[in-house]
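Trainee:
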Amino acid sequence: FRTKSRLESHMVTHNSTIAQKLSYCGSCKVQYKNIYVYRNHLRTSANHAEQTYPCLDCNKQFASKEYWKKHYNFYHLRKSQFRCELCNKLFISDWRLKNHRQTQHGLSRSR
Numbered sequence: 001f002r003t004k005s006r007l008e009s010h011m012v013t014h015n016s017t018i019a020q021k022l023s024y025c026g027s028c029k030v031q032y033k034n035i036y037v038y039r040n041h042l043r044t045s046a047n048h049a050e051q052t053y054p055c056l057d058c059n060k061q062f063a064s065k066e067y068w069k070k071h072y073n074f075y076h077l078r079k080s081q082f083r084c085e086l087c088n089k090l091f092i093s094d095w096r097l098k099n100h101r102q103t104q105h106g107l108s109r110s111r
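In UniProt numbering, the protein residues as written are 1 to 111.
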């Protein structure tokens, strides 16, 4: 860590009582695994965004134009760059494709 305050902020996440309080979203009533997952939730959730991007086809709301576009291309246009080479199934993200390869085909997550 570059600064003492960043180290101290990080160390708080290892104290289970404090970490639990810091990773709970009162608006959504959800306890997240850790503060990093919670911060990702805040960044990506339309519930916490100042401006949202609606999908006119299904009425879902998105926190960024990027997330809306990814959703629209995958769920409505059935377009994705992440395709399983073994069964041709499409995935919305590289992580989901790697997870599929591991759980459905017994392959490593790498690649």
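Idealized CB from N, CA, C, for every residue including glycine.
Taking the alpha helix (DSSP H) that D57 belongs to, which residues open and close that run?
Mentor: Per DSSP, D57 belongs to no alpha helix (DSSP H) and is neither H nor E.
Trainee: Could you tell me which of K98, Y24, H76 sits nearest to E85, measuring between CA atoms?
Mentor: Residue K98 is the option with its Cα nearest to E85.
Trainee: Tell me the rounded alpha-carbon separation between K89 and T44.
Mentor: Looking at the two C-alpha atoms, the distance is approximately 25 Å.
Trainee: Just curious, the alpha helix (DSSP H) that K98 is in, first and last residue?
Mentor: Run containing K98: 94-105, per the alpha helix (DSSP H) assignment.
Trainee: Do you know how far the Cα of A63 is from the Cα of N47?
Mentor: The alpha-carbon atoms of N47 and A63 are separated by roughly 8 Å.
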